[in-house]
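Okay, structure first, notes after.
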Amino acid sequence: MDILEKIKLAGLVGRGGACFPVAKKWSAVAQALADKAGEKKCYVVCNAAEGEPGVIKDDYILEHHADQVINGMKIAVDFLSAYAKASADKGVVKGYLFLNYGYNKKLKKKLTVLLKSSVIEIFVKPPNAGYIGGEESAILNAIEGRRVEPRLKPPFPTTAGLWGCPTLVNNVETFYNVSLVEANRYENKRFYSLTGDCPREGVYDLPESFSIEKILKATKNYPKFPFFVQCGGGAAGEVLNSRQLKRSVQGAGSITIYSITKNNYKKIIKSWLNFFMSESCGQCAPCREGTFRLGEVFLAGKTDWVLFNNLLDNLADTSVCALGCSVPVPIRSFLKNVYPQINQANESTNFTTNIQILK
Ligand code: SF4
5 MDILEKIKLA GLVGRGGACF PVAKKWSAVA QALADKAGEK KCYVVCNAAE
55 GEPGVIKDDY ILEHHADQVI NGMKIAVDFL SAYAKASADK GVVKGYLFLN
105 YGYNKKLKKK LTVLLKSSVI EIFVKPPNAG YIGGEESAIL NAIEGRRVEP
155 RLKPPFPTTA GLWGCPTLVN NVETFYNVSL VEANRYENKR FYSLTGDCPR
205 EGVYDLPESF SIEKILKATK NYPKFPFFVQ CGGGAAGEVL NSRQLKRSVQ
255 GAGSITIYSI TKNNYKKIIK SWLNFFMSES CGQCAPCREG TFRLGEVFLA
305 GKTDWVLFNN LLDNLADTSV CALGCSVPVP IRSFLKNVYP QINQANESTN
355 FTTNIQILK
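What follows is the structure, given as structure tokens:
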């Protein structure tokens, strides 16, 4: 059975956050190679940029399983090489490991040995590229030496990626899983980052079918105090209360635990807004202006909640990339799922009476 068939049978989905079926993406790149008469080049890119708060799994995987990640990349290169060589112009496939600046400092030696004599090279994420430097099309811009900002899609990287050539972009955990699938060792598990108010912060390898509650209990991190969680990303992730933990973790596989008594939730909302404002690449007005205005409106003495809500709608509907579109996710889910549980006695009238607008 060839690797594409194996990946399809395993039901493997991308672990970068979007959960896109891996076999579908690989097939799209192979098809683009077959379609593009005269196309000579094709690229495989591993996204190891990892930059969202609370998401630390790629760091762990590269530290403990770098050989499997590189092997997964090599499998992708071999798979696409077969299509490239079959083309009239005998195409070539090249790979880039797009690596977080800090991870490169820590792991360069080991990774260089693993990549020796391969067609894959390390490309270090520019230190000032920020969170958006991990968006797949921003990565392509960085490698091409352009401004690090997302591209308008379509076209998608699968058909027009690096220098306009078909390009396969998967993240660290996805390539790690490809390696397991190839060796018939894939067990439908995934890595979870657990951070925040928990005694055993870290990265855990557990079945992807596990609910949030099961993960917290299996890792001995289930809090004994009133709490809520943020799942799938420490900034853009959805916020859930402690009665909503029967569902599985989506997105980037992170769970951040917040103690209700220990944290000031206005500070938490402020930290989300600060994150989005400082990480906005500034390319599109809804996000560049909207994230700034949200902070301004939220921190004003008397918050204009109607305006705040309109700004959130505008971000969700008109931003160019997922960063802007996801700003409302943590704020609205917090207000819907957690805020009603918090003792409102000490809150300002402005916040408690007007917050209804946002739920
Ligand atoms: S939504 Fe924000 S991060 Fe994305 S392209 Fe627009 S300005 Fe840049």
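In the working numbering, the protein residues as written are 5 to 363. Ideal placement from N, C-alpha and C gives every residue a C-beta, glycine not left out.
Query	Result
Spatial distance of I143 from C325 (CA atoms)	13 Å
Any non-hydrogen atom of the ligand SF4 within 8 Å of S284 CB	yes
Through-space distance from P290 to V49, alpha-carbon basis	29 Å
G20 classed as buried or exposed, judged by whether at least 16 other C-beta atoms fall within 10 angstroms	buried
DSSP-derived helix/strand/coil call for A52	strand
Exposure of V301, with buried meaning 16 or more beta-carbon neighbours within 10 Å	buried
Continuous alpha helix (DSSP H) stretch holding L220: start and end	I216 to A222
Burial state of M5 (16 or more Cβ within 10 Å)	exposed
Spatial distance of N104 from V128 (CA atoms)	6 Å
Closer than 8 Å: V324 CB and nearest the ligand SAM heavy atom	Within the structure as shown, the ligand SAM is missing, the only ligands being the ligand SF4.
Span separating the alpha-carbon of C46 from that of L198	36 Å
Closest Cα partner of A88 within the set K120, Y107, V33 and S122	V33
Distance, P25 Cα to K120 Cα	30 Å
Presumed contact (8 Å Cβ cut-off) between N278 and G299, rounded CB distance	7 Å
I136 Cβ short of 8 Å to the ligand SF4 heavy atom set	yes
Three-way DSSP call (helix, strand, coil) for K301 in this model	Strictly speaking, residue 301 in this sequence is Val, with Lys absent from that position. Reduced to three states, the DSSP call for V301 is helix.
Beta-carbon spacing of Y107, E191 below 9 Å	no
Nearest neighbour of N175, chosen from V96, Q345 and Y100 [CA to CA]	Y100
F179 and Y64 closer than 9 Å at C-beta	no
Run of the beta strand (DSSP E) containing Q234, from where it starts to where it stops	F231 to C235
Cβ-heavy atom distance, P154 to the ligand SF4, below 8 Å	yes
C-beta neighbour in chain B for I7, strict 9 Å	Absent here is chain B; the protein component of the structure consists of one chain.
Buried/exposed call for N75, threshold 16 Cβ in 10 Å	buried
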